[in-house]
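One structure is given below, encoded as structure tokens.
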Amino acid sequence: MKKRHLELKDREKLERLYAKGRRVEEIAAELKVHRSTIYNELRRGDTGEMDENGRVKYSALLAQRTTLDNYRQRRKEFTDESRLS
Numbered sequence: 054m055k056k057r058h059l060e061l062k063d064r065e066k067l068e069r070l071y072a073k074g075r076r077v078e079e080i081a082a083e084l085k086v087h088r089s090t091i092y093n094e095l096r097r098g099d100t101g102e103m104d105e106n107g108r109v110k111y112s113a114l115l116a117q118r119t120t121l122d123n124y125r126q127r128r129k130e131f132t133d134e135s136r137l138s
């Protein structure tokens, strides 16, 4: 399976499917990604609440924001390190 980053539309689809109670393996197949990608996304978008299925509640917007913040932080660290050289 080819590696790829999820976009907001993928995260929104994940949110809908997960809220309906779909299994991680089913969601991964639907989005054409490895199940570990889905588990990573669920951790990234964890709201700290439980849904009606008794599972961690996932927010696509929170996951997207976290991803962008992490990306900006990595770029900043890389830029700072290159200035030290």
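Counting from 54, one number per residue, gives the positions in the sequence shown under the numbering used here. All C-beta atoms, glycine included, are put in the ideal place defined by N, C-alpha and C. This one's a predicted model, so the numbers in the text were calculated from it and none came from an experiment.
**Request:** List the DSSP bridge partners of Val109.
**Result:** Your numbering for residue 109 matches position 56 in the sequence shown. Per DSSP, Met103.
**Euclidean distance between Cα positions of Arg127 and Glu60** = For the purposes of this step, residue 127 is taken as the residue at position 74 of the sequence shown. For the purposes of this step, residue 60 is taken as the residue at position 7 of the sequence shown. The straight-line gap from Cα to Cα measures roughly 18 Å.
**Asked** Taking the C-alpha atoms as reference points, what is the distance between Ser70 and Glu78?
**Response** Taking the first residue of the sequence shown as 1, we reach residue 70 at position 17. Taking the first residue of the sequence shown as 1, we reach residue 78 at position 25. Reading off the sequence shown, one finds Leu at residue 70, where the question assumed Ser. Roughly 11 Å separates the two Cα atoms.
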